[in-house]
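**Student:** Residue numbers (my numbering): 76 to 372.
1. Tell me the rounded alpha-carbon separation between residue 85 and residue 113.
2. Sorted by chain position, which residues of the same chain lie with C-beta nearer than 6 Å to residue 295's C-beta, five sequence neighbours on each side aside?
3. Look at the alpha carbon of residue 240 and the alpha carbon of residue 328, and state the distance between them as a whole number of angstroms.
4. Just to confirm my understanding: we take residue 95, look at its own chain, exclude 5 residues before and 5 after, and list those with CB closer than 7 Å. What are they?
5. Here's the rule I'm using: 16 or more other beta-carbon atoms within 10 Å means buried, otherwise exposed. How should residue 323 be labelled?
6. Using the three-state DSSP reduction, which class does residue 180 fall into: helix, strand or coil?
7. If I measure Cβ to Cβ from residue 302 and keep anything under 8 Å in the same chain, skipping five residues before and after, which residues do I get?
8. So, are the CB atoms of residue 359 and residue 169 less than 8 Å apart?
9. Would you report the Cα separation of residue 300 and residue 291, rounded to the nearest angstrom?
10. Determine the contact status of residue 287 and residue 110, defining contact as a CB-CB distance below 8 Å.
11. Can you look up residue 191 in the DSSP assignment and give me helix, strand or coil?
12. Please state whether DSSP places residue 230 in a helix, a strand or coil.
13. So, does the segment 230 to 248 touch the segment 199 to 207, judging by three or more C-beta pairs under 8 Å?
14. Leaving aside the five residues before and after residue 174 along the sequence, list all residues of the same chain whose C-beta is less than 7 Å from its C-beta, in chain order.
15. Which residues mark the beginning and the end of the alpha helix (DSSP H) in which residue 278 is found?
16. Which of the three DSSP states is assigned to residue 353 in this structure?
17. Secondary structure at residue 253, three-state DSSP: helix, strand or coil?
18. Which residues in the same chain have their Cβ closer than 7 Å to the Cβ of residue 246, if we skip the five residues on either side of it in sequence?
19. Within the continuous alpha helix (DSSP H) that includes residue 110, where are the two ends?
20. How many Å lie between residue 317 and residue 308 at the Cα?
21. Buried or exposed: where does residue 121 fall if 16 or more other Cβ atoms within 10 Å of its Cβ makes it buried?
22. Exposed or buried, what is residue 151 when buried is set at 16 or more other beta-carbons lying within 10 Å of its beta-carbon?
23. How would you call residue 321, buried or exposed, if buried means at least 16 neighbouring beta carbons within 10 angstroms?
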């Protein structure tokens, strides 16, 4: 059994050390490298996961699943082009839920069907608001590039306070309903403080990369491997990487094409963000389906 949480903590402190010893450009390159490696890898096997999920219901062939998956990505890309503000808000809200679900799905067993998804969303929004709070100017720049609307005030402080109070309240209600101790919640407060320290000391991309890779993608990888192969052993990790490699390579080629055309443009970070958004929507749906399948009844 891998101690994923301990790995995340150690890696986070290493990331904090890097943020205080490397330049902004170095952070940017390291951040993109992490996102393109582990970040892309953790979503590269969505097709295999969908195929296994579909086999349980005896629906859809592998080519059919692949076509539907690609179409969903294209649909999100078109939405960002046609309705950028709506797409951006939808992406942030859906990502918040996805982050919260990945982090907490194994903790709430047979809890409230209403409060649990609400808690996932609120927790994820707290993490995103913390990231945005310490990178205000960079976030405003990306919002402007996507929506073409100048935002003078993101109102992050009151949003963070509101989501924070709502998260703690919902957690206490769920803990009471499930009759669990508050030990997990107190530990998570320490983790949130650690993330706040990292976000404050890092650029937007580097801070996001640390959270996205070490607190989200790697735990997700182990959950997926356990679902696909029965347990998260090194042998099964190798199987996972071999199966994911073709899809990961296609994603990397797509990003490389983007970079080739926009390397000298300030918009590359924004376009990269939109690319991540386009693949996040179907990936979050796949993971939600997987968690639902594994949830005890």
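For every residue, glycine included, the Cβ atom is placed at its ideal position computed from N, Cα and C.
**Tutor:** In brief:
1. The sequence position of residue 85 within the chain shown is 10, counting from 1. The sequence position of residue 113 within the chain shown is 38, counting from 1. Whole-angstrom Cα-Cα distance: 17 Å.
2. Mapped onto the chain shown, residue 295 falls at position 220. When the five nearest sequence neighbours on each side are left out, the beta carbons in the same chain lying within less than 6 Å of the beta carbon of residue 295 are those of 117 and 177, in order along the chain.
3. The count along the chain shown starts at 1 and reaches residue 240 at position 165. The count along the chain shown starts at 1 and reaches residue 328 at position 253. Their backbone Cα atoms lie some 43 Å apart in a straight line.
4. As a first step, residue 95 is located in the chain shown; it is residue number 20 there, counting from the start. Only 276 meet the Cβ criterion.
5. Residue numbering aside, residue 323 sits at position 248 when the chain shown is read from its first letter. The residue is buried, with at least 16 neighbouring Cβ atoms inside 10 Å.
6. The residue you call residue 180 lines up with position 105 of the chain shown. In the structure shown, residue 180 sits in coil (DSSP, three-state: anything other than H, G, I, E or B).
7. For this step, residue 302 is matched to residue 227 along the chain shown. Within the same chain, residue 302 has close Cβ partners 124, 127, 365, 368 and 369.
8. Along the chain shown, one-based indexing puts residue 359 at 284. Along the chain shown, one-based indexing puts residue 169 at 94. Yes, the pair counts as a contact, with Cβ atoms nearer than the cut-off.
9. If you number the chain shown from 1, residue 300 lands on position 225. If you number the chain shown from 1, residue 291 lands on position 216. Rounded to whole angstroms, residue 300 to residue 291 spans 14 Å at the Cα level.
10. One-based indexing of the chain shown puts residue 287 at position 212. One-based indexing of the chain shown puts residue 110 at position 35. Taking 8 Å as the Cβ cut-off, residue 287 and residue 110 qualify as a contacting pair.
11. Along the chain shown, one-based indexing puts residue 191 at 116. Reduced to three states, the DSSP call for residue 191 is helix.
12. The residue you call residue 230 lines up with position 155 of the chain shown. Here residue 230 sits in coil by DSSP.
13. yes
14. Locating residue 174 in the chain shown gives position 99, where the first residue counts as 1. If we look at residue 174 and ignore the five residues flanking it on each side, its Cβ neighbours are 199, 202 and 291.
15. Taking the chain shown and counting its residues from 1, one reaches residue 278 at position 203. Neither: residue 278 is in no alpha helix (DSSP H) and is coded neither H nor E.
16. Counting from 1 along the chain shown, the entry for residue 353 is found at position 278. The answer is helix: DSSP assigns residue 353 an H, G or I state.
17. Start at 1 with the first residue of the chain shown, and residue 253 comes out as number 178. Three-state result, residue 253: helix.
18. The residue you call residue 246 lines up with position 171 of the chain shown. For residue 246, where only same-chain residues beyond five positions count, the Cβ hits under 7 Å are 194 and 260.
19. On the chain shown, position 35 is the one that residue 110 refers to. Residue 110 -> no alpha helix (DSSP H), and no H or E assigned at all.
20. Indexing the chain shown from 1 puts residue 317 at position 242. Indexing the chain shown from 1 puts residue 308 at position 233. Cα-Cα distance, rounded: 14 Å.
21. If you number the chain shown from 1, residue 121 lands on position 46. Here residue 121 is buried: its Cβ has 16 or more other Cβ atoms, across all protein chains shown, within 10 Å.
22. To locate residue 151, count along the chain shown from 1; it is residue 76. The residue in question, residue 151, is buried, as its Cβ has 16 or more Cβ neighbours within 10 Å.
23. Translated into positions along the chain shown, residue 321 becomes position 246. Answer is exposed; the Cβ neighbour count stays below 16.
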